[in-house]
Ligand code: COA
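Residue numbers (our numbering): 1 to 386.
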């Protein structure tokens, strides 16, 4: 297997993009990434595009071909593949690109993610997202993602010492980071009271415990490490790429407050990279709801079960803390265009490792990305090094 490096990244602003089409969002992110990498379309061997549900959000399928066409690569007959794993589609597209380059099959590969969710109303959006849970056993019984994560939060708070205020602090911290991120959907600072006084969505989760509905796209370019310096002086190495599955329905889990697929993917990633939690300088985790960030920090082994709330309250996960978590603002404040999120996490880590994160900059040489599909039926973990 060859070592792999990221040589360029690009991302659109995340938010509500009434004036930009699904395909143009992708083209914008792709052009930014190619420009950053110093490669042109003719150099590209393959595209992997993370997308969860364009068929339902914008009534468009055959996304691999569409993207290749509108990126101007169809007449080069570039190999273009759509990758789908619900909210982990982006992370998995990145993993497919890494595998393609590591195997020696492809040299210059674009991994991208795109989703346009706001063209439909919230009800339709929530129902489409719910199709990533178990439709027969969860969806038909009325469960939505806010509902399923509310069950996780209820169980967690019953068993571990997590206060409502500590949970709110996850959102406060992520909005603080989002306020420093020019691509973030929400750049407003909030307080614990903002979260506690916001409308109830699914008890105990309130509006500000939830990631929003978002349009956006992100892209990165990967090449074999041995060729990276042809393009850039600051390649970022892929030190590990791991993936794990679990039961699709929450009620089939051994323990609903621990995402066993996060535990498994995290262990595999650490083992591949021969690193431990102490070596990681920053984390981008899948905070689709505030409780999900608490679980992720623990399931990836950064502290014991039941401790992440206290660490968050003490500031350990803030920008200046011991282990900064979601410097981008996370899904909560940066936004969550589901197919693009996993690639945006790589975009953020690459910016941090290159020292190009502006007001969000932390001191980091190694970063970890954690991207979850559903309530943890797919988890993808990557470790990147400067
Ligand atoms: N956090 C903070 N503010 C939010 C928000 C969020 N998650 N979602 C919407 N808002 C704001 C909007 O900007 C808007 O503000 P404004 O009135 O000042 O313009 C206001 O709240 C109402 O927005 P609206 O779009 O009407 O919200 P909604 O009630 O239709 O949707 C949720 C809110 C929480 C139901 C929706 O965002 C949601 O379902 N989120 C979860 C998405 C999800 O499950 N993703 C997959 C995870 S696995």
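Think of the CB as a built atom: it goes at the ideal place given N, C-alpha and C, for glycine as much as any other residue.
Exercise. In angstroms with no decimal places, state the Cα-to-Cα distance between residue 196 and residue 368.
Key: Those two C-alpha atoms are separated by around 30 Å.
Quiz item: Which residue comes first and which comes last in the beta strand (DSSP E) that contains residue 10?
Solution: Residues 4-11.
Quiz item: Touching or not, the stretch 203-223 and the stretch 360-375, by the rule of three or more beta carbon pairs under 8 Å?
Solution: Segments in contact, no.
Practice problem: Could you pull the start and end residues of the beta strand (DSSP E) that residue 371 belongs to? | Solution: Its beta strand (DSSP E) spans residues 366-373.
Quiz item: Sorted by chain position, which residues of the same chain lie with C-beta nearer than 7 Å to residue 331's C-beta, five sequence neighbours on each side aside?
Solution: Around residue 331, the same chain offers 211, 286, 287, 288, 341 as residues with beta carbons nearer than 7 Å, after the five sequence neighbours per side are excluded.
Practice problem: Note down the Cα distance separating residue 379 from residue 356, rounded to an integer number of angstroms. | Solution: Approximately 28 Å, taken between the alpha carbons.
Quiz prompt | Span separating the alpha-carbon of residue 360 from that of residue 136 | solution = Rounded to whole angstroms, residue 360 and residue 136 show a C-alpha spacing of 43 Å.
Quiz item: Run through DSSP, which three-state label would residue 289 get?
Solution: Three-state DSSP puts residue 289 in a strand.
Quiz item: Can you tell me where the beta strand (DSSP E) with residue 243 in it begins and where it stops?
Solution: 236-245 is the span of the beta strand (DSSP E), which, as asked, contains residue 243.
Quiz item: Apart from the five residues just before and just after residue 7, which ones in its own chain have a Cβ nearer than 6 Å to its Cβ?
Solution: When the five nearest sequence neighbours on each side are left out, the beta carbons in the same chain lying within less than 6 Å of the beta carbon of residue 7 are those of 37, 221, 223, 228, 231, 232, 235, in order along the chain.
Quiz item: Looking only at C-alpha atoms, which of 347, 115, 270 sits nearest to residue 300?
Solution: The shortest C-alpha separation from residue 300 is found at 270.
Exercise. Look up residue 156 in the DSSP assignment and say whether it is helix, strand or coil.
Key: Looking at residue 156 - three-state DSSP - the assignment turns out to be helix.
Exercise. May I ask you to check if the CB of residue 213 is nearer than 6 Å to at least one heavy atom of ligand 1?
Key: At least one heavy atom of ligand 1 is nearer than 6 Å to the Cβ of residue 213, so yes.
Quiz item: With respect to the alpha helix (DSSP H) encompassing residue 105, which residues constitute its N-terminal and C-terminal limits?
Solution: DSSP places residue 105 in no alpha helix (DSSP H); its state is neither H nor E.
Self-check item: Where the beta strand (DSSP E) through residue 113 begins and ends
Solution: Its beta strand (DSSP E) spans residues 109-116.
Quiz item: Just how far apart, CA to CA, sit residue 131 and residue 177?
Solution: Taking the Cα positions, residue 131 is about 31 Å away from residue 177.
Quiz prompt | Residue closest to residue 194, alpha-carbon to alpha-carbon, out of 172, 106, 123, 179 | solution = Among 172, 106, 123, 179, the Cα nearest to that of residue 194 belongs to 172.
Exercise. Give me the Cβ distance between residue 83 and residue 48, rounded to the nearest whole Å; I'm assuming they're in contact under 8 Å.
Key: In this structure residue 83 touches residue 48 by the C-beta definition: roughly 5 Å separates them, less than 8 Å.
Quiz item: At what residues does the alpha helix (DSSP H) containing residue 178 begin and finish?
Solution: It spans 164-178 - the alpha helix (DSSP H) in which residue 178 sits, taken as one unbroken run.
Quiz prompt | Per DSSP, cross-strand counterpart(s) of residue 27 | solution = Note: residue 27 is not bridge-paired with any residue in the DSSP secondary-structure output.
Quiz item: Regarding residue 145 and ligand 1, is the C-beta to nearest heavy atom distance less than 6 Å?
Solution: Set against 6 Å, the gap from the CB of residue 145 to the closest heavy atom of ligand 1 is smaller.
Exercise. Report, in whole angstroms, the separation of the C-beta atoms of residue 44 and residue 110, which I expect to be a contact under 8 Å.
Key: Confirmed, about 6 Å.
Quiz item: Going by the C-beta, is residue 129 closer than 6 Å to any heavy atom of ligand 1?
Solution: Yes, the Cβ of residue 129 comes within 6 Å of a heavy atom of ligand 1.
Quiz item: Smallest Cα separation from residue 80: which of 95, 63, 87, 86?
Solution: For residue 80, the closest of 95, 63, 87, 86 by C-alpha to C-alpha distance is 63.
Exercise. Determine the direct distance from the alpha carbon of residue 50 to that of residue 96, and round the result to whole angstroms.
Key: Using only the alpha carbons, I get a separation of about 10 Å.
Quiz item: Between residue 126 and ligand 2, is the CB less than 6 Å from at least one heavy atom?
Solution: With respect to ligand 2, the structure offers nothing, as its ligand set consists of ligand 1.
Quiz item: Which class does residue 81 belong to by DSSP, given the choice of helix, strand or coil?
Solution: Three-state result, residue 81: strand.
Exercise. State the Cα-Cα distance for the pair residue 240 and residue 262, rounded to the nearest angstrom.
Key: Rounded to the nearest whole angstrom, the C-alpha separation of residue 240 and residue 262 is 14 Å.
Exercise. Decide if residue 140 is buried, meaning its Cβ has at least 16 other Cβ atoms within 10 Å, or exposed.
Key: So residue 140 counts as exposed.
Quiz item: residue 122: beta carbon under 6 Å from a heavy atom of ligand 1?
Solution: Flag set: Cβ of residue 122 near ligand 1.
Quiz item: Measuring from the CB of residue 463, is there a heavy atom of ligand 1 at a distance below 6 Å?
Solution: There is simply no residue 463 to check, as the chain begins at 1 and stops at 386 in what is shown.
Practice problem: Confirm the yes/no value for this check: CB of residue 140, any heavy atom of ligand 1, distance under 6 Å. | Solution: Every heavy atom of ligand 1 is 6 Å or more from the Cβ of residue 140, so no.
Self-check item: Cα-Cα separation, residue 321 to residue 187
Solution: Straight-line Cα distance between these residues: approximately 21 Å.
Self-check item: Coarse secondary structure for residue 87, derived from DSSP in three states
Solution: Correct three-state label for residue 87: strand.
Practice problem: Could you name the residues of the same chain whose beta carbon sits closer than 7 Å to that of residue 85, not counting the 5 residues immediately before and after it, in chain order? | Solution: Result list for residue 85: 92, 373, 378, in chain order.
Quiz item: If you drop the 5 nearest sequence neighbours on each side, which residues of the same chain put their C-beta closer than 6 Å to that of residue 290?
Solution: Excluding residues within five positions, the ones whose Cβ falls inside 6 Å are 167, 170, 171, 209.
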